[in-house]
Amino acid sequence: MTFNIIIVLSSIITGAMALIGGLIFKKNPPKEINWWYGYRSRRSMKNQEQWSFAQKAGAENMMKYSSIPFLTTITGFLIDEQHIGWSIGIVIISPLLWAFFTIYKTEVKLISEFDKK
């Protein structure tokens, strides 16, 4: 089992960027609905109350699921360097999983909080 630098470095960088991004959004959430900064979805931009809630939930989920890229670092120690295809696949899939879970969980929170019928 050899050290796979591609997975390790990209996963650490991606996880760190996700964590730092979540911390920035948590500390400095956008106050008003806009198209440039913050967690933006059709549901979050419906009104100011949903916008404010989505910014908090989105930042928390960004930080929470930033562990996904960090956890893929472990696979860097397990995959043989001869299997570069696996390395590339993990490097691509890891941030996609992070983004999917961040968005999915934030939307679920918005639905449960505001779509009460």
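The letter at position 12 of the sequence shown is residue 12 when you use the UniProt record's numbering, and the numbering goes up by one with no holes.
Glycine included, every Cβ here is placed at the ideal spot set by N, Cα and C.
This one's a predicted model, so the numbers in the text were calculated from it and none came from an experiment.
Its chain contains GLY22, LYS26 as the residues whose beta carbon lies nearer than 8 Å to that of GLU60, once the 5 sequence neighbours on both sides are disregarded; these appear in chain order. Closest by C-alpha distance to GLY15, out of GLN82, LYS56, SER94, GLN50, is SER94. Under the three-state reduction of DSSP output, TRP98 falls in the helix class. Linking TRP35 to GLN50 through their CA atoms gives a straight-line distance of about 15 Å.
Excluding sequence positions up to five before and after LEU97, its CB lies within less than 7 Å of the CB of ILE68, all in the same chain and listed in chain order.
Buried is the label assigned to GLN55, since at least 16 other Cβ atoms lie within 10 Å of its Cβ. Residue nearest to VAL108 within the set VAL8, ALA57, LEU19 is ALA57 (criterion: CA-CA distance). For TRP86, the secondary structure class from DSSP, reduced to helix, strand or coil, is helix.
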